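Some notes on the structure that comes next.
Protein chains in written order, with my numbering: chain A, 1386 to 1769; chain B, 10 to 109.
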């Protein structure tokens, strides 16, 4: 694969009450195209990652909406796969380059969630689950709570250890000016926060957010593009059952294991080569399980490794979620998978400022939809 | 996708065949921030159950006490009113689980 990342951009993530989905898309697109040193007419096609616009905002047909903001009526389509919509949009875009159909494409992930009350958002997010789960009255925090319960029982892990995920990610978020919550929290804060679905508490859960992120990628980089090259060396997707209760394992996500195994092989790297990773920490337990599924920790040890600051900026060797992750940076669901790419690109270019991981050369993004129903893994490198 | 009366009607054969089946709890949680139509029932437990014969299901636990919330509690599938309908709507019934 010879695919290079050009310009990247994200809006601020958070409760952006004064900003419409269209305005967010415009900001991210314009900044990404300008950062690429291109004109809008140089973009061959657009891929939009979004989950809830049709359900909450009654706006389907997002592909065309976004072309208006680019100012060029190029081929444009929306890709959806719950919270992995961004990663899947990128995967689709990469495949369009590999097919030879296009040479330079724009991918934008966006989500507008805070215009709607939390009841409607909770119900809307359950669109990522199955009828059986909806009939059971389950919510997404509830389904991940089941995962947390299974994991805690199997490995004898405490709620305090789980809380260390949020503590790390909030610490990282203090260095990210785009993050929704730029403040540190403690294990006690997490333990004292209100229960959402036992054993998960409010501060175990990523927030409801607005935001957009965009990247331009090309199969034919121009010599004029001055920034340090960053290549996408693997883009892999795997799927699993819609329902969590039907899985053979409650403590590992097969979609993540399968997609990451394919990605490591394609890129010719192992988990030990990864310097920096953006992990889909929609809930604290999700990061713990992912850290093991990606091969960064031994089974049953991830929560302890995280609590011992093995993945914390300035402490560890491999740093996870330097952006603050979904927990602190925010989780506008369709934007998250693209924001992860933006963060890793900045890290590999040495442009991440106070949250820079020293000498980062190999990065990974882990974007998950549903309860591990779909996973998109990307590996980014400074050299081919 | 909404759980509409027609969806539940299409499942009625399967639903009625489950009534009275026994099993035990594999996993449990208590939903404290529910989806809208379940609002009046919160907080309520959601459990993953393994039925005798090995079939797995996910469902709400009803008529429960604190002591029932553990792995291995024996349960039976019962037919219960599903949720609170909006306005004058068809009242939906479905399988829930009750501790034995």
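Even glycine gets a Cβ: it sits at the ideal position worked out from N, Cα and C.
Please read these numbers as outputs of a predicted model, since none were measured by experiment.
Near-chain A residues of the stretch 93-107 of chain B - C-beta to any C-beta below 9 Å | Against chain A - using a Cβ distance shorter than 9 Å - the residues of the stretch 93-107 of chain B are 101, 103, 104 and 105.
**Study point:** Cβ neighbours of residue 97/B in the same chain (closer than 7 Å, five flanking residues each side left out)
**Key:** Reading the second chain from its first residue, position 88 is the one you call residue 97/B. Within its own chain, no residue has a Cβ closer than 7 Å to the Cβ of residue 97/B once the five positions on either side in sequence are excluded.
Secondary structure, beta strand (DSSP E): runs of 3+ residues fully inside the stretch 1496-1524 of chain A:
Counting only runs of 3+ residues, no beta strand (DSSP E) is found wholly inside the stretch 1496-1524 of chain A.
What are the residues in the stretch 1583-1603 of chain A lying within 7 Å of chain B by C-beta distance? In summary, the residues of the stretch 1583-1603 of chain A whose CB is separated from some CB of chain B by less than 7 Å are 1583, in the order they occur in the chain.
| field | Cβ-Cβ distance between residue 1549/A and residue 1572/A below 8 Å | value | By 1-based counting over the first chain, the position of residue 1549/A is 164. By 1-based counting over the first chain, the position of residue 1572/A is 187. Residue 1549/A places its beta carbon less than 8 Å from that of residue 1572/A.
> Whose C-beta lies closer than 8 Å to the C-beta of residue 1576/A among residues of the same chain, with five residues either side of it excluded?
Replying inline: For this step, residue 1576/A is matched to residue 191 along the first chain. So the qualifying residues of the chain are 1544, 1545, 1548 and 1586.
*Using a cut-off of 7 Å between C-beta atoms, extract the partners of residue 68/B located in chain A.*
Counted from its first residue, the second chain places residue 68/B at position 59. By Cβ distance, chain A contributes 1521.
(Q) Suppose you measure from the CA of residue 1457/A to the CA of residue 1446/A; what does that come to, to the nearest Å? (A) Taking the first chain and counting its residues from 1, one reaches residue 1457/A at position 72. Taking the first chain and counting its residues from 1, one reaches residue 1446/A at position 61. Our two residues, residue 1457/A and residue 1446/A, have alpha carbons roughly 16 Å apart in a direct line.
query = Would residue 1580/A count as contacting chain B if we go by Cβ distances under 8 Å?
reply = Here residue 1580/A is taken as the residue at index 195 of the first chain, counted from 1. Taking CB atoms only, residue 1580/A has a neighbour in chain B less than 8 Å away.
Q.
With a threshold of 8 Å, are at least 3 pairs of Cβ atoms found where one atom belongs to the stretch 1396-1407 of chain A and the other to the stretch 1422-1429 of chain A?
A. No: fewer than three Cβ pairs fall under 8 Å.
| Does residue 60/B get closer than 8 Å to chain A when you measure Cβ to Cβ? | To locate residue 60/B, count along the second chain from 1; it is residue 51. No Cβ of chain A is located within less than 8 Å of the beta carbon of residue 60/B.
Neighbourhood of residue 48/B by C-beta, 8 Å cutoff - its chain only, sequence neighbours within 5 removed: Walking along the second chain from the start, residue 48/B turns up at place 39. Counting only Cβ-Cβ distances below 8 Å, and skipping sequence neighbours, we find 93.
Short check: CB of residue 1767/A to CB of residue 1733/A, under 8 Å?
On the first chain, residue 1767/A is found 382 positions in, with the first residue counted as 1. On the first chain, residue 1733/A is found 348 positions in, with the first residue counted as 1. Going by C-beta atoms, residue 1767/A is nearer than 8 Å to residue 1733/A.
Beta-carbon proximity of residue 51/B to residue 1508/A, cut-off 8 Å
Locating residue 51/B in the second chain gives position 42, where the first residue counts as 1. Locating residue 1508/A in the first chain gives position 123, where the first residue counts as 1. It is not a contact, given that the beta carbons lie outside the stated cut-off.
To the nearest angstrom, how far is the alpha carbon of residue 1638/A from that of residue 1666/A? Here residue 1638/A refers to the residue found at position 253 of the first chain. Here residue 1666/A refers to the residue found at position 281 of the first chain. Using only the alpha carbons, I get a separation of about 13 Å.
Residue 109/B burial status per 10 Å Cβ neighbour count (16 or more: buried): Working through the second chain from its first residue, we reach residue 109/B at position 100. Around the beta carbon of residue 109/B, fewer than 16 other beta carbons sit within 10 angstroms, so the residue counts as exposed.
Min CB distance residue 1504/A to chain B below 8 Å | Walking along the first chain from the start, residue 1504/A turns up at place 119. Output row for residue 1504/A: interface = yes.
message: Please identify the residue among 1562/A, 1608/A and 1754/A whose C-alpha is closest to the C-alpha of residue 1422/A.
response: Stepping through the first chain from its first residue, residue 1422/A is reached at position 37. Nearest option by C-alpha distance: 1608/A.
Item checked: Whole-angstrom C-beta distance between residue 1616/A and residue 1415/A, which should lie under 8 Å -> Within the first chain, numbered from 1, the residue matching residue 1415/A stands at position 30. Within the first chain, numbered from 1, the residue matching residue 1616/A stands at position 231. The Cβ separation is near 24 Å, so there is no contact.
If we ignore side chains and look at the alpha-carbon of each, how far apart do residue 10/B and residue 1762/A end up?
-> Counting from 1 along the second chain, the entry for residue 10/B is found at position 1. Counting from 1 along the first chain, the entry for residue 1762/A is found at position 377. Here residue 10/B scores only 49 on pLDDT, less than 50, and its place in the model should not be relied on; the value that follows carries that caveat. Residue 1762/A has its alpha-carbon roughly 27 Å from the corresponding atom of residue 10/B.
If you follow the beta strand (DSSP E) that residue 31/B is part of, which residue opens it and which one closes it?
Residue mapping note: residue 31/B aligns to position 22 of the second chain, counting from 1. Element bounds for residue 31/B: 31-40.
>> Residues of chain A with CB closer than 8 Å to the CB of residue 37/B, please, in chain order.
In response: Working through the second chain from its first residue, we reach residue 37/B at position 28. Those are 1531 and 1534, listed as they occur along chain A.
Next on the checklist: Starting from residue 66/B, trace the beta strand (DSSP E) in both directions and tell me its first and last residue.
Outcome noted: Position 57 of the second chain, counting from 1, holds the residue named residue 66/B. Counting along the chain, the beta strand (DSSP E) containing residue 66/B begins and ends at 65-69.
_Any beta carbon from chain B within less than 8 Å of residue 1666/A's own beta carbon?_
Along the first chain, one-based indexing puts residue 1666/A at 281. So, not an interface residue.
If the cut is a Cβ gap below 7 Å, which residues of chain B does residue 1658/A touch? For the purposes of this step, residue 1658/A is taken as the residue at position 273 of the first chain. Near residue 1658/A there are no residues of chain B at all, since even the closest Cβ is about 35 Å away, more than 7 Å.
Neighbour flag for residue 1757/A against chain B, beta carbons, 8 Å: The sequence position of residue 1757/A within the first chain is 372, counting from 1. Not a single C-beta of chain B is nearer than 8 Å to the C-beta of residue 1757/A.
- Query: At which residues does the alpha helix (DSSP H) containing residue 59/B begin and terminate?
  - Reply: What you label residue 59/B is simply residue 50 of the second chain in a count that begins at 1. Element bounds for residue 59/B: not the alpha helix (DSSP H) but the beta strand (DSSP E), 53-60.
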